[in-house]
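J.: Take 13 as the starting number for the sequence shown in the working numbering and just add one per residue.
Yeah, the Cβ is synthetic: ideal placement off N, Cα and C, and Gly gets one too.
Note that the structure is a prediction, hence the values are computed from the model and not measured.
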Amino acid sequence: MAGIAPLRARAVRVINILRALYPSAGRGETAGSDTRRPFQVMVATIISQRNRDEVTEKVSDALLRKADTPDKILKLGRAGIAKTIRSANFYKTKARHILEAARMVRDEFGGRMPRTREELMELPGVGGKTADIIMLVSHGAAVVPVDTHVQVVSQRLGWTTERDPEKIRADLHRLFEPKVRGYVNILLVEFGKEICRMHLPRCYACPVEKLCQYPNKTKPPARKAPR
Ligand code: SF4
């Protein structure tokens, strides 16, 4: 990453503008996660993969009301989990991952969720993003979980030229001091849903347009002429 100082200054200005725009986006919160207990955060985050927030919230709540510990999940069984989360995308795979993760937590980690990113990533269904969400939400770690919104918005803003989420994560960690990292995911997710939309960004309504390097900025949609 060449010329890190000006890039860092620009990125911090963007984050400050977004913090003013989304004042309720606090440290340690991420989209789709509403609990700080690591096992529950893991379950909710596995369910959130390739799902809309409304579905994630409803389905996670339903499952966690029935079973919020590894033992209760194991008792519920794969069929019981699948039945409860069947309105989520890929519910059969997610049910298998949740069950196998619960079994691994019980049998290989003594019933306690692992506390390192590397160990978390040994659990079925837990990749780098999910591990980072658990580390951030449950342990207050200074990390930036890289989901689709973070990936696309960071690329458009010119913060990274990488495509691999692990390399984007490394670039973002170089860019932001630890005390700022906890805000980055939730701010970019909110911003990505509202303004820097995945398929068609609303650059004409963007408060950070002057700080963005995206070459294909959009213009306001043409208004239909009155008949
Ligand atoms: S100018 Fe457009 S591409 Fe750049 S951050 Fe704003 S909405 Fe996204």
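Classify M210: buried if its beta carbon has 16 or more other beta carbons within 10 angstroms, exposed otherwise.
T.: Counting from one through the sequence shown, the residue named residue 210 turns up at place 198. When all chains shown are included, M210 counts as exposed.
J.: In this structure, does DSSP put T57 in helix, strand or coil?
T.: Counting from 1 along the sequence shown, the entry for residue 57 is found at position 45. In this structure, T57 counts as helix in the three-state DSSP scheme.
J.: Shortest alpha-carbon distance to V138 belongs to which of H161, I16 and A107?
T.: Start at 1 with the first residue of the sequence shown, and residue 138 comes out as number 126. Ranking H161, I16 and A107 by Cα distance to V138 puts A107 first.
J.: Going along the chain, which residues of its own chain have a beta-carbon closer than 6 Å to the beta-carbon of G170, five neighbours each way excluded?
T.: The residue labelled residue 170 in the question sits at position 158 within the sequence shown. Cβ within range, chain order: Q225.
J.: May I have the straight-line CA-CA distance separating S150 from M54, to the nearest angstrom?
T.: By one-based count along the sequence shown, residue 150 stands at place 138. By one-based count along the sequence shown, residue 54 stands at place 42. Going from the Cα of S150 to the Cα of M54 covers about 10 Å.
J.: Quick one: using the 10 Å Cβ neighbour count with 16 as the cut-off for buried, is Y195 buried or exposed?
T.: One-based indexing of the sequence shown puts residue 195 at position 183. Buried is the call here.
J.: Is it the case that the Cβ atoms of A94 and K104 are separated by a distance below 7 Å?
T.: Walking along the sequence shown from the start, residue 94 turns up at place 82. Walking along the sequence shown from the start, residue 104 turns up at place 92. Yes, the Cβ-Cβ distance between A94 and K104 is below 7 Å.
J.: With DSSP run on the structure shown, which of helix, strand or coil describes I207?
T.: Working through the sequence shown from its first residue, we reach residue 207 at position 195. Coil.
J.: Within the same chain, show all residues whose beta-carbon is closer than 7 Å to that of G44, passing over the 5 residues directly before and after it, in chain order.
T.: Taking the sequence shown and counting its residues from 1, the one referred to as residue 44 is at position 32. In this prediction, G44 scores a pLDDT of 44, lower than 50, which makes its location untrustworthy; no coordinate-derived value is stated.
J.: Do you know offhand how far T173's Cα is from V164's?
T.: For this step, residue 173 is matched to residue 161 along the sequence shown. For this step, residue 164 is matched to residue 152 along the sequence shown. For T173 and V164, the distance between alpha carbons rounds to 10 Å.
J.: Helix, strand or coil for D73, going by three-state DSSP, please let me know.
T.: One-based indexing of the sequence shown puts residue 73 at position 61. In the structure shown, D73 sits in a helix (DSSP, three-state: H, G or I).
J.: Is the beta carbon of L86 closer than 7 Å to that of F203?
T.: Locating residue 203 in the sequence shown gives position 191, where the first residue counts as 1. Locating residue 86 in the sequence shown gives position 74, where the first residue counts as 1. No, the Cβ-Cβ distance between F203 and L86 is not below 7 Å.
J.: CB A37 to CB L199, shorter than 7 Å?
T.: Here residue 37 corresponds to residue number 25 of the sequence shown, with the count starting at 1. Here residue 199 corresponds to residue number 187 of the sequence shown, with the count starting at 1. Yes, the Cβ-Cβ distance between A37 and L199 is below 7 Å.
J.: Can you list, in chain order, the residues of its chain with a C-beta nearer than 7 Å to that of R214? Leave out the 5 residues immediately preceding and following it.
T.: Numbered from 1 along the sequence shown, position 202 holds the residue referred to as residue 214. Answer for R214: I207 and T230, listed in chain order.
J.: Count the other C-beta atoms from every protein chain shown that fall within 10 angstroms of the C-beta of P18, then say buried if there are 16 or more, exposed otherwise.
T.: The count along the sequence shown starts at 1 and reaches residue 18 at position 6. P18 is exposed by the Cβ-count criterion.
J.: Any idea if R22 is buried or exposed, counting beta-carbon neighbours within 10 angstroms, 16 or more meaning buried?
T.: Locating residue 22 in the sequence shown gives position 10, counting from the first residue. That one is buried.
J.: When you measure from the CB of K231 to every non-hydrogen atom of ligand 1, does any distance come out below 6 Å?
T.: Counting from 1 along the sequence shown, the entry for residue 231 is found at position 219. Not so, every heavy atom of ligand 1 lies at least 6 Å from the Cβ.
J.: Ligand 1 and E221: does any heavy atom of the ligand fall closer than 6 Å to the residue's C-beta?
T.: For the purposes of this step, residue 221 is taken as residue 209 along the sequence shown, with counting starting at 1. Indeed, a heavy atom of ligand 1 lies less than 6 Å from the Cβ.
J.: Does R64 come out as helix, strand or coil in the three-state DSSP assignment?
T.: Within the sequence shown, the letter at position 52 stands for residue 64. Three-state result, R64: coil.
J.: What residues in its chain sit with their C-beta under 7 Å from that of V71, if we drop five residues either side in the sequence?
T.: On the sequence shown, position 59 is the one that residue 71 refers to. I59, I97, S99 and A100.
J.: Sorted by chain position, which residues of the same chain lie with C-beta nearer than 6 Å to E189's C-beta, five sequence neighbours on each side aside?
T.: Taking the first residue of the sequence shown as position 1, residue 189 is located at position 177. Taken in chain order, the list of residues that qualify is empty.
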